[in-house]
Amino acid sequence: MNPTESENVRGGEGMKGEQANARNILPRLPQGAGHNLKSYSPTQLHFLMRLSHLQRQRRDLVNVAEGNDWHMRLVNKALYSTYRDCEDLGVGEEARLLMAQQAPERS
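Numbered per my numbering, the sequence shown spans residues 677 to 783.
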């Protein structure tokens with residue numbers, strides 16, 4: 677097996693693992709979205725997973741940090757940037773659904 681073939685094999689296995697991981701990390705998108713994880717490119721999947729991770733960080737921070745705390749501002753800027761990346765990659769609708777499903781709860 678030449679290096680290119682072995683990289684493809686490893687890449688294929690890695691992709692299966694990434695998709696399985698995404699199923700656990702990303703909340704289920706509504707049935708009406710008409711998409712499943714196989715239809716996402718690795719880049720789209722990466723940014724959707726990043727968006728979900730940042731939403732969880734924001735949710736964890738919202739009850740601990742003040743609104744003008746630099747941690748909260750940093751997470752909000754990263755969320756917005758990642759959301760825009762999702763839009764640019766053609767998964768803006770999915771990004772909006774994730775944002776709506778994981779809206780922060782204020783106490």
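All residues carry an ideal CB built from backbone N, CA and C; glycine is no exception.
- By a beta-carbon distance limit of 8 angstroms, Tyr716 contacts Leu724. Their separation comes to about 7 angstroms.
- The shortest CA-to-CA distance from Ala754 to any of Gln733, Val767, Leu774 and Glu770 is the one to Gln733.
- Non-local C-beta neighbours of Leu774 in its own chain, meaning closer than 6 angstroms and more than five positions away in sequence, comprise Leu727 and Ser728, ordered along the chain.
- Going by C-alpha positions, Leu765 is about 32 angstroms away from Glu742.
- Membership of Val751 in the alpha helix (DSSP H) is indicated by the continuous run Trp746 to Asp764.
- Val740 carries a coil assignment under DSSP once its states are collapsed to helix, strand and coil.
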